[in-house]
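In what follows, a single structure is set out as structure tokens and then discussed.
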Amino acid sequence: FGTVYAAVDNVEKKPIAVKIQRPGRKLSQVALDEISLLRVVREKLEEDEGESPRRCSGGRHVVRIFGHFVHKGLSGMQVCTQLELLGPSLLDLLKDCKYKGLPLPLVKVITRDVLRGLHFLHERCNIIHTDLKPENVLLSVRPVHAKIVDLGNACLKDKKFTEDIQTIEYRSPEVIVGSGYDASADMWSLACMVFELITGEYLFDPKECTAHGKLLYSREEDLLAHQQELLGLMPLALTKGGRRFKEFFKPNGELRNIFSLKFWALPQVLQQKYKMKEEVAAQVSDFLLPMLKFNPKERATALEMLNHPWLTAEEEEVKAEVKEGAVKGGQEERKEEEGREESQGTEKR
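Numbering (the working numbering), first residue to last: 2 to 350.
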């Protein structure tokens with residue numbers, strides 16, 4: 002919908018990013034809607050920092066807006082948004098790693114930052130991002146943080162623009178069947194993204210199937226099949242109320258055009274396909290599966306996932322390493338002091 006340029010704010014004398022929307026009434030409205038949401042983010046972040054300057058607000062993990070202006074070009078009016086300048090996206094990192102996945106400690110740091118950003122959006126701002134994926138998470142340079150960007154498709158919880166959200170690989174089942182969505186849809190997308198960061202591949206990669214020029218089943222129906230093969234059959238009660246139920250399902254809940262499913266549970270996928278050790282596969286699965294509940298009401302929240310052992314254990318390990326290093330450092334200093342004292346004593350004798 003637009004292009005982002007690195008620029009310099011001549012007043013503040015600092016580097017910024019300028020997002021220039023393509024001309025057009027609808028696209029301009031999209032840009033203005035995003036600006037209004039980014040202002041909410043900025044206001045809530047300023048409130049948090051004003052109340053407790055030392056508190057690490059989750060708003061620091063969402064891109065910050067500085068202002069906007071309208072440019073009149075040859076092709077029409079263009080809305081230009083001034084944003085903080087950030088570094089590469091998570092997709093760029095995956096490309097640099099040749100889609101082999103990122104180191105687990107780095108994935109955990111990134112995931113923690115994104116969860117803090119999501120918790121802030123969901124609880125402080127009442128915003129649903131609706132399009133979380135690696136290209137929409139960028140890294141800041143100083144200090145190094147992961148930040149959620151591109152709120153162009155985002156909405157307030159009580160003011161949704163459309164029922165068709167999320168890039169298909171990260172799309173939650175309730176969105177596919179048209180049964181409504183809430184902030185838990187972002188959590189589904191996050192689980193898909195974390196899997197991708199770890200393995201370098203999509204968790205779900207649906208394809209449409211055709212034969213002799215005839216469509217046998219769509220990408221969305223294939224996605225529903227993949228989701229069930231990994232997570233088990235979807236409860237009929239969750240799908241039957243969806244506006245697109247008849248498009249994908251028979252009355253008994255079976256898929257309409259895909260007749261056989263090959264079940265492969267997540268721990269086994271990680272072990273057998275990605276050669277992950279059993280213990281590590283179990284830990285990763287235990288982290289991802291609460292965000293992949295078919296029932297949105299049962300899906301874990303961002304705050305709940307921030308307290309998950311897969312993330313907190315890492316923090317405790319780092320603290321333990323720091324503490325151990327400090328103890329060792331202190332012991333070595335004492336030994337050096339004792340050595341100097343003994344040396345001085347010998348010289349005196």
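Quick reminder that beta carbons are idealized off the backbone N, C-alpha and C, glycines included. Remember, predicted model here, so these are calculated numbers, not experimental data.
query	result
For Ala226, count neighbouring C-beta atoms within 10 Å of its own C-beta (all shown protein chains included) and say buried if the count is 16 or more, exposed if not.	buried
Taking Met188 as part of the alpha helix (DSSP H), name the residues at either end of that continuous run.	Ser185 to Thr200
What residue range is occupied by the uninterrupted beta strand (DSSP E) comprising Ser141?	Val138 to Ser141
Using the rule of at least 16 other Cβ atoms within 10 Å of the residue's Cβ for burial, across every protein chain shown, is Ala7 buried or exposed?	exposed
Mind pulling the alpha helix (DSSP H) runs of 4 or more residues that sit fully within the segment 10-71?	26-52
Classify Gly233 as helix, strand or coil using the three-state DSSP reduction.	coil
Shortest alpha-carbon distance to Phe121 belongs to which of Leu95, Glu44 and Leu84?	Glu44
At 4 residues or longer, and completely inside the segment 252-317: list those alpha helix (DSSP H) runs for me, N to C.	279-289 and 303-307
Name the DSSP bridge partner or partners of Leu216?	Thr211
Determine whether the beta carbon atoms of Asp290 and Leu267 lie at a separation below 8 Å.	The sequence shown places Leu at residue 290, rather than the Asp named in the question. Yes, the pair counts as a contact, with Cβ atoms nearer than the cut-off.
In whole angstroms, give me the CA-to-CA distance for Lys101 and Asp114.	22 Å
How many Å lie between Trp265 and Lys15 at the Cα?	51 Å
Are the CB atoms of Ala147 and Ile129 nearer to each other than 8 Å?	no
So for His130, helix, strand or coil by DSSP?	coil
Short check: CB of Leu87 to CB of Leu94, under 8 Å?	no
Here's the rule I'm using: 16 or more other beta-carbon atoms within 10 Å means buried, otherwise exposed. How should Glu222 be labelled?	buried
Need the endpoints of the alpha helix (DSSP H) that Thr163 sits in, please.	Element bounds for Thr163: n/a, residue is neither H nor E.
When we look at the beta-carbon of Lys247 and count the other beta-carbons within 10 Å, is it buried (16 or more) or exposed?	exposed
CA-CA distance, Cys210 and Leu262?	15 Å
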